[in-house]
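A.B. asks: Mind having a look at this structure? Questions to follow.
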Amino acid sequence: MLFGKLKDGTPVQIHELTNGGYTVGLTDLGAGILYFRCPDRNGAIDNVLLGFQTPQELLLSTAYFGLTVGRYANRIAKGRFSLDGKEYQLALNNGENHLHGGPTGLCFCMWQARLLQCNGDPGVVFSIHDPDGHENYPGNLDAEVTYVLRADGSLVMNYRVTCDAPCPVNFCNHSYFNLNGEESSVTIMDTELQLACSTYVPVNAGLIPTGEVLPVAGTPFDFTVSKPIGRDFEAAGGYDHCFVLDETGDDVLKPVASAYCPGSGRWLKVFSTMPAVQFYSGNFLHTEPFYEDHMGFCLETEFYPDSPNHSNFPDSILRPGQTYDHTTVYQFGVEE
């Protein structure tokens, strides 16, 4: 179905998948997720993702609602990195730093879409070719993002990327969740969150990692036991931090997070092959037309922020002949 048109008249489509009482809307603009509809404890169906109604609204937003961000999700300090003896300068689109692939990153591009069936479950594959030098990243890059909706409420996202030159690569989905329902006007502060992470990555005032990886124990960043997001929110100064998964292994689908909304009974579980998750509490949503701060939260599975500039962080460099192959799963359900 038609989502809308870009200024040049290019049509933007919605690809809707339904399975087991769950519905997801996907778009070829930014290979993004527009909505996810699921029941609450009373059987009422609501969309649990924040987002917009037109492509123009999505492109004007600075919140990246539901989009696939890349080539490099999160921040790179001062937009600079050195790779194999060569210095690269990227666009500065977040103060003095580079964020989410830059102002014309892949989240703002049109992707090609094709439908598929995976073991009887419906899916969509989005693909794109990103030429050498786009946003000053090196190499010709080819990416595929595959979404499959399972009957158990799982949305499986697989990212496969190759590049013909060494390049930092870090893709993630940037959905904002509100398990009360997108139209509820209820903040996320009472949503209970647990992260499978006993360490986190401290940042400076510009949200750039200091290079340390510290224990969460005894800090407002301790989500090893489920607690309301709002409990230590003020002490933390809000959340926009990278948490390191306790379980390791690039080819292992690891538990990342679980969230529960007492008001609706809905829950969310996240699994990923990535080494970390950026938990963002929607601190600047007041800049968007239809939302206030903390109306949604993000769980961005990814490499650490600014990894190209920290040799002690997991290696995010994709080299010719290698394939970046990572999977993240969002599973939704309801407590009976």
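Okay, so the sequence shown: first residue is 334 according to our numbering, each after it adds one.
A virtual CB, placed ideally from N, CA and C, is assigned to each residue, including glycine.
State the Cα-Cα distance for the pair Arg493 and Pro647, rounded to the nearest angstrom.
C.D. replies: In a straight line, the C-alpha of Arg493 is about 18 angstroms away from that of Pro647.
A.B. asks: To the nearest angstrom, how far is it from the Cα of Tyr480 to the Cα of Gly539?
C.D. replies: Approximately 33 angstroms between the Cα atoms of the pair.
A.B. asks: Starting from Ser393, follow the beta strand (DSSP E) in both directions and report where the run begins and ends.
C.D. replies: In the sequence under discussion, the amino acid at residue 393 is Leu, which differs from the Ser named in the question. Not the beta strand (DSSP E): Leu393 falls in the alpha helix (DSSP H), residues Pro388 to Leu393.
A.B. asks: My output table needs one value for Asn469: the three-state DSSP class, helix, strand or coil.
C.D. replies: Of the three classes helix, strand and coil, the one that applies to Asn469 here is helix, per DSSP.
A.B. asks: Go to Ala406, then tell me how far its alpha helix (DSSP H) extends in each direction, as first and last residue.
C.D. replies: Run containing Ala406: none; DSSP gives neither H nor E here.
A.B. asks: Could you tell me which residues DSSP pairs with Pro561 in its beta bridges?
C.D. replies: Bridge partners of Pro561: Glu525.
A.B. asks: Using DSSP with H/G/I as helix, E/B as strand and the rest coil, what is Leu618?
C.D. replies: The answer is helix: DSSP assigns Leu618 an H, G or I state.
A.B. asks: Between Pro436 and the rest of its own chain, which residues show a CB-CB distance below 6 angstroms, the 5 nearest in sequence each way excluded?
C.D. replies: Taken in chain order, the residues that qualify are Ala424 and Asn426.
A.B. asks: Suppose you measure from the CA of Phe670 to the CA of Ala568; what does that come to, to the nearest Å?
C.D. replies: Here the chain comprises residues numbered 334 to 669, so residue 670 is not present and cannot be evaluated.
A.B. asks: If you draw a straight line from the alpha carbon of Val478 to that of Val458, how long is it in whole angstroms?
C.D. replies: Each residue's alpha carbon lies about 6 angstroms from the other.
A.B. asks: For Pro344, count neighbouring C-beta atoms within 10 Å of its own C-beta (all shown protein chains included) and say buried if the count is 16 or more, exposed if not.
C.D. replies: Classification for Pro344: exposed.
A.B. asks: With DSSP collapsed to three states, give me the class of Phe556.
C.D. replies: Here Phe556 sits in coil by DSSP.
A.B. asks: Per DSSP, what are the beta-bridge partners of Ile366 in this structure?
C.D. replies: According to DSSP, Ile366 bridges with Leu359.
A.B. asks: Grouping DSSP H, G and I as helix and E and B as strand, with all else coil, what is Asn506?
C.D. replies: DSSP places Asn506 in strand when its eight states are reduced to three.
A.B. asks: Over what stretch of residues does the beta strand (DSSP E) that includes Ala568 continue unbroken?
C.D. replies: Per DSSP, Ala568 belongs to no beta strand (DSSP E); it is in the alpha helix (DSSP H), Phe566 to Ala569.
A.B. asks: What are the residues that DSSP puts in a beta bridge with Asp454?
C.D. replies: Asp454 pairs with Cys451.
A.B. asks: Given that a residue counts as buried once 16 or more other Cβ atoms are within 10 Å of its Cβ, and exposed if not, what is Arg447?
C.D. replies: Exposed, by the Cβ-count rule.
A.B. asks: May I have the straight-line CA-CA distance separating Leu580 from Asp341, to the nearest angstrom?
C.D. replies: Before going further, note that residue 580 is Glu rather than Leu in the sequence given. Approximately 46 angstroms, taken between the alpha carbons.
A.B. asks: Indicate whether the contact test is met: 3 or more Cβ pairs, each with one atom in the region 633-641 and one in the region 405-419, closer than 8 angstroms.
C.D. replies: Short answer: they touch.
A.B. asks: Mapping the DSSP letters down to three states, classify Leu416 as helix, strand or coil.
C.D. replies: DSSP places Leu416 in strand when its eight states are reduced to three.
A.B. asks: Of the choices Gln445, Thr495 and Gly571, whose alpha-carbon is the least far from that of Ser614?
C.D. replies: Selected option, being the one with the closest Cα: Gly571.
A.B. asks: Determine the DSSP secondary structure at Phe385, reduced to helix, strand or coil.
C.D. replies: DSSP places Phe385 in coil when its eight states are reduced to three.
A.B. asks: For Ile650, which residues from the same chain have a beta carbon less than 8 angstroms from its beta carbon, with the 5 sequence-adjacent residues on both sides left out?
C.D. replies: Around Ile650: Leu416, Pro499, Cys500, Pro501, Val502 and Pro641.
A.B. asks: By DSSP's criteria, His433 is part of a beta bridge. Which residues make up the other side?
C.D. replies: BP columns for His433 are empty, so no partner.
A.B. asks: To the nearest angstrom, report how far apart Asn645 and Glu625 are at their CA atoms.
C.D. replies: Distance between the alpha carbons of Asn645 and Glu625 is about 37 angstroms.
A.B. asks: Ends of the beta strand (DSSP E) at Met490?
C.D. replies: Ser487 to Cys496 is the extent of the beta strand (DSSP E) around Met490.
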